[in-house]
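Q: Take the sequence shown: its position 20, counted from the start at 1, is 136 in our numbering, and no numbers get skipped.
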Amino acid sequence: MPDERVKLTYDDYAALPDDGRRYQVLDGELVVTPSPSLRHQDIVFNLGKILDRHVRDRSLGKVYMSPVDCLLGPWTVLGPDVVFVETARFDRLTHRAIEGAPTLVIEVLSPSTAVIDRKRKRALYAEHGVPHYWIVDPDALALDALVLAGDDYGVPVRLEGPDAEGSLEPFPDLVVALRDVFAE
């Protein structure tokens with residue numbers, strides 16, 4: 117039996133009520149998630165500050181923190197927690213969204229989004245050519261940095277533990293210290 121569900125587009129998404137809910141469209145399917153915890157937001161803010169300072173000091177591009185829409189295709193509108201767009205991709209920045217693959221997306225896991233972030237979003241980011249994907253796990257005090265290799269991401273570089281630090285693509289000259297990422 118053919119799938120007869122309606123696939124939502126960006127226009128459908130944009131017409132949703134401004135009711136405080138967090139909406140995303142994953143391959144045409146509307147997904148609603150609760151607001152993130154304050155711990156989640158602390159991590160997003162910390163990462164955003166770390167990356168923004170590095171990117172601005174070197175004129176590498178722009179860093180955005182949620183809420184920001186990434187319109188990856190006609191049926192895919194995602195709202196990553198942190199996004200980096202290198203200057204070579206500035207043509208993707210429009211008045212309404214980042215339209216096309218940014219250079220890096222970062223998702224900070226929450227209990228309600230962990231499976232979506234690790235599976236569905238990972239597949240969608242890869243399908244739409246996002247070169248770098250970082251997944252931050254607050255419970256494990258870990259950050260996995262993935263690099264697109266063909267049509268999927270390769271084996272992640274993992275930083276784990278409160279004292280872990282290292283350089284991660286696409287920022288080879290930035291040392292990311294997890295104590296700063298997870299600082300409260």
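Think of the CB as a built atom: it goes at the ideal place given N, C-alpha and C, for glycine as much as any other residue.
Predicted model only: the values in this text are computed from it and were never measured.
To which residues of the same chain is D260 closer than 6 Å at the C-beta, ignoring the five residues directly before and after it?
A: Correct list, in chain order: I251, P272 and R274.
Q: Tell me the residue span of the alpha helix (DSSP H) that contains G266.
A: No alpha helix (DSSP H) holds G266; DSSP gives it neither H nor E.
Q: Going straight from the alpha carbon of D279 to that of D128, what length do you get?
A: Cα-Cα distance, rounded: 45 Å.
Q: Our contact map puts L218 next to V193 with C-beta atoms below 8 Å; I'd like the distance itself, whole angstroms only.
A: What sits at residue 218 in the sequence shown is Pro, not Leu. The Cβ separation is near 13 Å, so there is no contact.
Q: Taking V179 and G164 to be in contact with their CB atoms under 8 Å, please state how far apart those CB atoms are, rounded to whole angstroms.
A: The Cβ separation is near 6 Å, so the contact holds.
Q: Can L284 and L240 be called in contact, C-beta distance under 8 Å?
A: Cβ atoms of L284 and L240: not closer than 8 Å.
Q: Reducing DSSP to helix, strand and coil, say where V246 ends up.
A: Correct three-state label for V246: coil.
Q: Here's the rule I'm using: 16 or more other beta-carbon atoms within 10 Å means buried, otherwise exposed. How should D197 be labelled?
A: Buried: at least 16 other Cβ atoms inside 10 Å.
Q: Starting from the C-beta of L146, find all residues in its chain whose C-beta is less than 6 Å away, skip the five residues before and the five after it, and write them out in chain order.
A: Result list for L146: L124, in chain order.
Q: Measure how close the beta-carbons of L257 and Y249 come, nearest whole angstrom, since I'm counting them as under 8 Å.
A: Actually they are not in contact, since the Cβ atoms of L257 and Y249 sit about 19 Å apart, beyond 8 Å.
Q: CA-CA distance, R234 and D289?
A: The straight-line gap from Cα to Cα measures roughly 27 Å.
Q: Can you tell me the Cβ-Cβ gap for I293 and E281, rounded? I've got them flagged as a contact below 8 Å.
A: The sequence shown places Ala at residue 293, rather than the Ile named in the question. With a Cβ gap of about 4 Å, A293 and E281 count as contacting.
Q: Over the uninterrupted beta strand (DSSP E) stretch that includes R100, give me the two end residues.
A: Only positions 117 to 300 of the chain appear in the structure, and residue 100 is not among them; the question remains open.
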